[in-house]
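> One structure follows; several queries about it will come next.
There are 2 protein chains.
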Amino acid sequence: MKITILGTGAVGQTIAARLFELGHEVIMGTRDPKETQKRESPNQITGKSFAEWYQDHSGIKLLPFKAASTFTDLVINATNGAATLDILSEIGASNLEGKILLDLANPLDFSKGFPPSLFVCNTDSLGEQVQKKLPKTKVVKGLNTMNAYIMMHPHKITGDHHLFLSGNDQEAKNSIIKLLLEIGWKNKNIIDLGDISTARATEMLLPVWLRLYKTLGHTNFNFHIQGA
Amino acid sequence: MKITILGTGAVGQTIAARLFELGHEVIMGTRDPKETQKRESPNQITGKSFAEWYQDHSGIKLLPFKAASTFTDLVINATNGAATLDILSEIGASNLEGKILLDLANPLDFSKGFPPSLFVCNTDSLGEQVQKKLPKTKVVKGLNTMNAYIMMHPHKITGDHHLFLSGNDQEAKNSIIKLLLEIGWKNKNIIDLGDISTARATEMLLPVWLRLYKTLGHTNFNFHIQGA
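The listed protein sequences correspond, in order, to chains A and B. Using UniProt numbering, the final residue of the first sequence is 228, and nothing's skipped along the way. Using UniProt numbering, the final residue of the second sequence is 228, and nothing's skipped along the way.
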């Protein structure tokens with residue numbers, strides 16, 4: 001499968017590496033590939049610079065956002081939630097028509113420090129705003145309720161734990177489920193909550209996720225619905 | 001222990017019955033005890049009228065909100081979230097001074113049908129509003145993230161599942177933990193998230209709880225933090 005990943009941060013890198021390892025053709029999208037490749041400051045989460053990481057993952061292509069999104073089957077939005085809508089404008093709705101977009105960004109507002117609040121919630125969500133911006137794209141919200149390593153290596157956590165999906169197009173959700181099974185998710189641990197408006201519910205898990213991170217001192221945990 | 005429960009709905013009844021069974025002196029608070037005792041319409045959740053329930057639980061006292069809150073060690077707020085602040089005004093902050101108040105109400109706004117949105121969230125919470133209204137009361141938010149039967153009978157769900165606490169007063173949280181252990185909660189399944197501002201996070205679990213209820217078709221589930 002040809003998969004485009006928007007965003008070159010720790011989340012984008014973790015997803016790109018895993019999907020490439022599984023045999024997919026992976027193209028990463030960034031604003032300015034030359035600038036991104038020269039980045040030598042270490043990533044806060046991985047401790048490595050993008051330049052170092054990219055040397056170790058030479059099979060992965062790096063292109064500008066728009067070019068990266070053409071000739072691809074699936075686009076994964078791993079950009080910062082606050083930048084997501086601008087980046088989608090840069091790509092243009094027509095370039096994403098008919099494609100599946102897996103949105104795993106969260107609408108975090110860090111303007112007042114930690115913990116961030118959400119810049120949209122309750123009666124709307126980033127997932128819905130993305131779908132509204134791209135009316136002819138099949139937007140699926142998912143994987144946004146855990147850290148990127150767990151997204152891609154669910155066995156890292158012992159025992160069952162859940163992943164939630166939201167989206168208006170059932171076939172698109174089925175394609176995502178197929179990819180998730182390949183990654184190592186168990187079918188019984190994937191909960192389809194319904195249409196894209198249910199993204200409000202999963203994005204609103206972030207505040208408790210952030211508080212748990214602070215309380216537990218690590219992010220190697222995930223939500224499990226006991227009794228589901 | 002002398003325990004006051006504000007609210008006579010399904011939640012109040014479930015809590016009152018269990019705490020009475022455990023040997024506590026239980027006083028329920030309502031607006032108009034005579035009117036409440038005459039209620040013959042069946043409760044939507046229990047299928048029984050309050051009159052019927054009350055006949056089977058004759059050891060439990062029923063008093064007006066204010067009288068019920070005097071001479072008691074612990075007040076449990078099991079009223080409708082939308083009515084909570086008005087009921088606390090009726091009781092008066094001075095009548096709750098120095099007491100522990102366990103707040104398990106959620107700020108659900110049903111004005112636009114199901115699923116309800118939250119009438120306060122993200123940068124404030126009902127728990128914080130209650131603490132602000134009662135500055136000399138030790139407010140603890142907790143038990144608001146599951147159905148009332150599970151609150152009082154945690155073994156109803158097989159396996160471990162969690163309960164979150166928020167509050168500014170550590171001694172008050174310790175008293176609540178003592179009561180929770182008596183009810184049957186395991187210490188390892190109680191997560192103290194921090195001060196009362198963390199109530200934002202647990203109240204924001206309601207949207208996904210409500211969507212899970214719709215998806216699963218039952219409420220016999222609870223959040224479990226796998227890897228905690």
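C-beta: ideal position from N, C-alpha, C; glycine also. Here the structure is a predicted model, which means the values were calculated and not measured.
#1: Taking only the alpha-carbon atoms, compute the straight-line gap between N174 of chain A and L210 of chain A and give it to the nearest angstrom.
#2: What is the rounded straight-line gap between the Cα of I225 of chain B and the Cα of P154 of chain A?
#3: Nearest to E182 of chain A by CA position, among A:D169, A:M151, A:T198 and A:F164, is which residue?
#4: With 7 Å as the limit, tell me which residues of the segment 209-227 of chain A have their beta carbon closer than that to any beta carbon of chain B; keep them in chain order.
#5: What's the gap between the Cα of K99 of chain B and the Cα of T158 of chain B?
#6: Please go through the same chain and pick out, in chain order, the residues whose beta-carbon is closer than 8 Å to the beta-carbon of Q37 of chain A, but skip the five residues on each side of it.
#7: Do you know offhand how far N189 of chain B's Cα is from P116 of chain B's?
#8: Quick check: L134 of chain B and L96 of chain B, are their CB atoms within less than 7 Å of each other?
#9: Three or more C-beta pairs closer than 8 Å, one from the segment 201-218 of chain A and one from the segment 189-205 of chain B: is that the case here?
#10: So K214 of chain A is in the alpha helix (DSSP H); what residue range does that whole segment cover?
#11: Pull out every residue of the segment 151-168 of chain A whose Cβ sits closer than 8 Å to any Cβ of chain B, in chain order.
#12: Would the beta-carbon of A10 of chain B fall within 7 Å of that of V26 of chain B?
#13: Just to confirm before moving on: does the CB-CB distance between F223 of chain B and L193 of chain B stay below 7 Å?
#14: So what does DSSP say about N122 of chain B, is it helix, strand or coil?
#15: Quick check: the Cα distance between I176 of chain A and N80 of chain B, rounded to an integer number of angstroms?
#16: Can you check whether the CB of I191 of chain A is closer than 7 Å to the CB of N168 of chain A?
#17: Excluding the 5 residues flanking N43 of chain B on each side, which residues of the same chain have their C-beta closer than 8 Å to its C-beta?
#18: Thinking just about the alpha-carbon of each residue, which of A:N77, A:G59 and A:H162 is nearest to the one in K66 of chain A?
#19: Note the first and the last residue of the continuous beta strand (DSSP E) segment covering I191 of chain B.
#20: Name the chain A residues that come within less than 7 Å of P207 of chain B, Cβ to Cβ?
#21: Report yes if the C-beta distance between A68 of chain B and G29 of chain B is below 7 Å; otherwise report no.
#22: Consult DSSP for L181 of chain A and reduce its assignment to one of helix, strand or coil.
#23: Taking Cβ-Cβ distances shorter than 8 Å, what residues in chain A pair up with G194 of chain B?
#24: Does the beta carbon of L118 of chain A come closer than 7 Å to any beta carbon on chain B?
#25: Taking C-beta pairs closer than 9 Å, name the residues in chain A that residue 263 of chain B reaches, listed in chain order.
#26: So, helix, strand or coil for M28 of chain B, using DSSP?
#27: In whole angstroms, what separates the C-alpha of T70 of chain B from that of I91 of chain B?
#28: Is it buried or exposed, K141 of chain A, if we count other Cβ atoms within 10 angstroms and call 16 or more buried?
#29: Helix, strand or coil for N77 of chain A? Go by DSSP, reduced to three states.
#30: Taking the alpha carbon of D86 of chain B as the reference point, which residue from B:R200, B:N220, B:K2 and B:L6 has its own alpha carbon closest?
#31: Quick one: is D56 of chain A buried, meaning 16 or more other Cβ sit within 10 Å of its Cβ, or exposed?
#32: Along chain A, in chain order, which residues have C-beta atoms closer than 8 Å to that of N122 of chain B?
#33: From what residue to what residue does the beta strand (DSSP E) around F223 of chain A run?
#34: How many Å lie between A82 of chain A and P107 of chain A at the Cα?
#35: Kindly give me the distance between the Cβ atoms of L102 of chain B and M1 of chain B, rounded to whole angstroms, as I take these residues to be in contact under 8 Å.
#36: What's the C-alpha gap between P64 of chain A and C121 of chain A?
If we stick to the structure as given:
#1: Counting from 1 along the first sequence, the entry for residue 174 of chain A is found at position 174. Counting from 1 along the first sequence, the entry for residue 210 of chain A is found at position 210. Cα-Cα distance, rounded: 29 Å.
#2: On the second sequence, position 225 is the one that residue 225 of chain B refers to. On the first sequence, position 154 is the one that residue 154 of chain A refers to. So the two alpha carbons sit approximately 14 Å from each other.
#3: Residue mapping note: residue 182 of chain A aligns to position 182 of the first sequence, counting from 1. Residue A:M151 is the option with its Cα nearest to E182 of chain A.
#4: R211, L212, T215, L216, N220, F221, N222, F223, H224, I225, Q226 and G227
#5: Here residue 99 of chain B corresponds to residue number 99 of the second sequence, with the count starting at 1. Here residue 158 of chain B corresponds to residue number 158 of the second sequence, with the count starting at 1. C-alpha separation (whole angstroms): 34 Å.
#6: Stepping through the first sequence from its first residue, residue 37 of chain A is reached at position 37. For Q37 of chain A, where only same-chain residues beyond five positions count, the Cβ hits under 8 Å are F50, A51, Y54 and L62.
#7: The residue labelled residue 189 of chain B in the question sits at position 189 within the second sequence. The residue labelled residue 116 of chain B in the question sits at position 116 within the second sequence. Distance between the alpha carbons of N189 of chain B and P116 of chain B is about 28 Å.
#8: For the purposes of this step, residue 134 of chain B is taken as the residue at position 134 of the second sequence. For the purposes of this step, residue 96 of chain B is taken as the residue at position 96 of the second sequence. Yes, they are a contact pair.
#9: yes
#10: Counting from one through the first sequence, the residue named residue 214 of chain A turns up at place 214. It spans L206 to L216 - the alpha helix (DSSP H) in which K214 of chain A sits, taken as one unbroken run.
#11: I157, T158, G159, D160, H161 and F164
#12: Numbered from its first residue, the second sequence carries residue 10 of chain B at position 10. Numbered from its first residue, the second sequence carries residue 26 of chain B at position 26. No, the Cβ-Cβ distance between A10 of chain B and V26 of chain B is not below 7 Å.
#13: In the second sequence, the residue the question calls residue 223 of chain B occupies position 223. In the second sequence, the residue the question calls residue 193 of chain B occupies position 193. Cβ distance not < 7 Å, so F223 of chain B and L193 of chain B don't count as in contact.
#14: To locate residue 122 of chain B, count along the second sequence from 1; it is residue 122. In this structure, N122 of chain B counts as coil in the three-state DSSP scheme.
#15: Working through the first sequence from its first residue, we reach residue 176 of chain A at position 176. Working through the second sequence from its first residue, we reach residue 80 of chain B at position 80. Roughly 39 Å separates the two Cα atoms.
#16: Locating residue 168 of chain A in the first sequence gives position 168, where the first residue counts as 1. Locating residue 191 of chain A in the first sequence gives position 191, where the first residue counts as 1. No, the pair does not count as a contact, with Cβ atoms beyond the cut-off.
#17: Indexing the second sequence from 1 puts residue 43 of chain B at position 43. Cβ neighbours of N43 of chain B beyond the five flanking positions: G9, A10, Q13, S49, F50 and W53.
#18: If you number the first sequence from 1, residue 66 of chain A lands on position 66. The candidate whose alpha carbon is nearest that of K66 of chain A is A:N77.
#19: Stepping through the second sequence from its first residue, residue 191 of chain B is reached at position 191. From DSSP, the beta strand (DSSP E) with I191 of chain B extends over I190 to G194.
#20: Here residue 207 of chain B refers to the residue found at position 207 of the second sequence. Under the 7 Å cutoff, chain A gives R200, A201 and M204.
#21: Taking the first residue of the second sequence as 1, we reach residue 68 of chain B at position 68. Taking the first residue of the second sequence as 1, we reach residue 29 of chain B at position 29. In contact: A68 of chain B and G29 of chain B (Cβ atoms closer than 7 Å).
#22: Position 181 of the first sequence holds residue 181 of chain A. Correct three-state label for L181 of chain A: helix.
#23: Along the second sequence, one-based indexing puts residue 194 of chain B at 194. Those are R211, K214 and T215, listed as they occur along chain A.
#24: Here residue 118 of chain A refers to the residue found at position 118 of the first sequence. It does; some Cβ of chain B falls within 7 Å.
#25: Past the edges of chain B, shown from 1 to 228, lies residue 263 of chain B, and the structure says nothing about it.
#26: In the second sequence, residue 28 of chain B corresponds to position 28, counting from 1. In this structure, M28 of chain B counts as strand in the three-state DSSP scheme.
#27: As a position in the second sequence, residue 70 of chain B is number 70, starting the count at 1. As a position in the second sequence, residue 91 of chain B is number 91, starting the count at 1. Computed Cα separation, rounded: 9 Å.
#28: Taking the first residue of the first sequence as 1, we reach residue 141 of chain A at position 141. Burial call: buried.
#29: Walking along the first sequence from the start, residue 77 of chain A turns up at place 77. It is a strand residue.
#30: Walking along the second sequence from the start, residue 86 of chain B turns up at place 86. Checked all of B:R200, B:N220, B:K2 and B:L6; the closest Cα to D86 of chain B is B:L6.
#31: Counted from its first residue, the first sequence places residue 56 of chain A at position 56. That one is exposed.
#32: Within the second sequence, the letter at position 122 stands for residue 122 of chain B. Neighbours of N122 of chain B on chain A, chain order: S117, L118, C121, N122 and P207.
#33: Within the first sequence, residue 223 of chain A is the residue found at index 223, counting from 1. From DSSP, the beta strand (DSSP E) with F223 of chain A extends over N222 to Q226.
#34: Within the first sequence, numbered from 1, the residue matching residue 82 of chain A stands at position 82. Within the first sequence, numbered from 1, the residue matching residue 107 of chain A stands at position 107. Rounded to the nearest angstrom, the two C-alpha atoms are 6 Å apart.
#35: Residue 102 of chain B sits at position 102 when you count from the first residue of the second sequence. Residue 1 of chain B sits at position 1 when you count from the first residue of the second sequence. Rounded, the Cβ-Cβ distance is 12 Å, inconsistent with contact.
#36: Residue numbering aside, residue 64 of chain A sits at position 64 when the first sequence is read from its first letter. Residue numbering aside, residue 121 of chain A sits at position 121 when the first sequence is read from its first letter. C-alpha separation (whole angstroms): 30 Å.
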